[in-house]
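Encoded as structure tokens, the structure appears first; notes follow it.
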Amino acid sequence: MGLISGEDLQWVNDTLKKIEDKMVPVTERNRDKIPYTTDENGRFDDRSDEKEICWWTNGFWGGEMWQLFKLTGNEMFKEEALQVEKKLDKAFLNYNGMDHDAGFRWLPTSVINYKLYKSDDSKNRGLLAANSLAGRFNMNGNFIRAWNDWGDGRDTTGWAIIDCMMNLPLLYWASDVLGDPRFKKIAMAHADTAMKNFIREDGSVRHIVGFDPFTGEFAREYGGQGYGEGSSWTRGQSWAVYGFALSYIHTGEKKYLETAMKVADYVLSEIPDTFLVPIDYRQPKTDDLEDSTAAAITAGGLIEIARSLMGEGKEDRAKEYLTAAIKLLKALDSHSCDYTLDKDNLLTRGSVDYHGNGHHMAIIYGDYYYIEALMKLNGSALEVF
Ligand code: GLY
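Heads up: the sequence shown begins at 121 in this note's numbering, then just goes up one per residue.
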């Protein structure tokens, strides 16, 4: 059932129609790719070769294709989703490439395919990915290790990052499908550690926490992709809002919903009146750097919180989160979206991080979460995470 009605519903349906009108020709001219961003001509790149097949965002194009297939029934989208899933098989052979982003890669591809069609191949892939993710659990500190070392001298053995909250649904799914509690236990242990060590008193969230991998003690936080240590990287906040809401949905544990709300309340107190989201809520006020991806992901998380609260009969609180989600999405629609056929991407103004060069660009997960959030609002989204 949809969450909205009247003018808002009309706006969502009109926006999804604009997206369909663009994405049919865009997908036709980008067959067999796995895009991440666009080139200087506004055309999608392709991360599906051997060198880049392990790139962490390589599930999102598949996920976007599944959502568009659900929206339109156009078989081309399904074919594209399937080609992405098959190409990702190569990633399983690369130990270093199998980092904690197994959820981002195999939930929007194999797991959603399995949920829809019960294919044994997709189930097999999803379970291999879940086993790899579970194998990253550090029992000394009860956290899932984020990355493998990059060979640049930094020791990441004890690093966990807030983004991982979005990977946990892969473990919840594996426990469900196998009737085996191990995966869920690991996911909840990680979520508990994140709750204790990433969420600050005021509801803001650290990006990276380094633990001593042998004792499990908190060692220090890192600024990561945000402005700096002690800052508040907006996409990290959005992963926390959405990720803790998901842990609540998959476990029924109230503490996760309360945590999602605590971070959401902090985020809502920081979002500018324009509803255009900066890269870091603590970046200098003189900066005009934005991250449209953080806005789209935050909207998805707020919608999940609202749905959970409605399930508990807390309509008024739910409405606050839903209203904010709609404002975020409307700001994207009017300010940070390109519906022309000149460019392949939908969202403009995505930013990789604060200090790097990746500012105000096309990023595939921005498009994915924008479409997903709109489809959540009219009740048509596939439940990918
Ligand atoms: N998970 C990495 C990022 O959000 O950029």
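Note that beta-carbon positions come from the ideal geometry of N, C-alpha and C, so glycine has one too.
Remark: C-beta atoms of Tyr-347 and Asp-283 do not approach each other more closely than 8 Å. By the C-beta density criterion, Arg-149 is exposed, having fewer than 16 other C-beta atoms within 10 angstroms. A Cβ-Cβ contact shorter than 8 Å links His-310 with Leu-288. Under the three-state reduction of DSSP output, Trp-279 falls in the strand class.
Asn-216 sits in a helix when the DSSP states are folded into three classes. By DSSP's assignment, Asn-258 forms a beta bridge with Phe-263. In the displayed model, Tyr-342 falls within a strand according to three-state DSSP.
Residue side-chain check: Val-472 places its Cβ nearer than 7 Å to a non-hydrogen atom of the ligand GLY. Assigned with DSSP and collapsed to three states, Phe-318 falls in coil, not helix or strand. Taking a C-beta distance under 8 Å as the contact criterion, Val-325 and Ser-351 do not qualify as a contact pair.
Of the other Cβ atoms in all chains shown, 16 or more fall within 10 Å of the Cβ of Arg-265; this residue is therefore buried. Shown here, Glu-172 sits in coil according to DSSP, grouped into three states, outside any helix or strand.
Contact between the region 313–320 and the region 367–387 is present: 3 or more CB-CB pairs across the two stretches fall below 8 Å.
Pairwise C-beta distances place the region 208–221 in contact with the region 163–181, as three or more of them are shorter than 8 Å.
Non-local C-beta neighbours of Lys-198 in its own chain, meaning closer than 6 Å and more than five positions away in sequence, comprise Phe-189, ordered along the chain. A check of alpha carbon separations from Val-383 across Ser-242, Leu-497, Leu-253, Gly-356 identifies Gly-356 as the nearest.
For Asp-400, the secondary structure class from DSSP, reduced to helix, strand or coil, is strand. Taken in chain order, no unbroken stretch of beta strand (DSSP E) lies wholly in the region 366–454 with a span of 3 residues or more. Only exposed fits Lys-434, as fewer than 16 other CB atoms lie within 10 angstroms of its CB.
For Phe-164, the closest alpha carbon among the candidates Leu-248, Gly-478, Asn-465 is that of Asn-465. By the CB criterion at 8 Å, Ala-419 and Leu-449 fall inside the cutoff.
Residue pairing for Ile-491: DSSP places it in no beta bridge. DSSP places Ile-328 inside the beta strand (DSSP E), whose first and last residues are 328–331. Distance between Thr-354 and Asp-411, taken at the CA atoms: about 8 Å. Taking non-hydrogen atoms of the ligand GLY into account, the C-beta of Arg-355 is found less than 7 Å away from one of them. Taken through DSSP and simplified to helix, strand or coil, Leu-467 comes out as strand. In the DSSP assignment, Arg-163 falls outside any alpha helix (DSSP H), carrying neither H nor E. Residue state for Trp-270 is assigned as coil, using DSSP reduced to three classes. Collapsing the DSSP output to three states places Val-472 in coil. In the DSSP annotation of this structure, the continuous segment of the alpha helix (DSSP H) that includes Ala-201 starts and ends at 195–207.
DSSP places Asp-152 in no alpha helix (DSSP H); its state is neither H nor E.
The Cβ neighbour count for Gln-130, taken over all protein chains shown within 10 Å, is under 16; the residue is labelled exposed. Asp-487 has its alpha-carbon roughly 11 Å from the corresponding atom of Ala-414.
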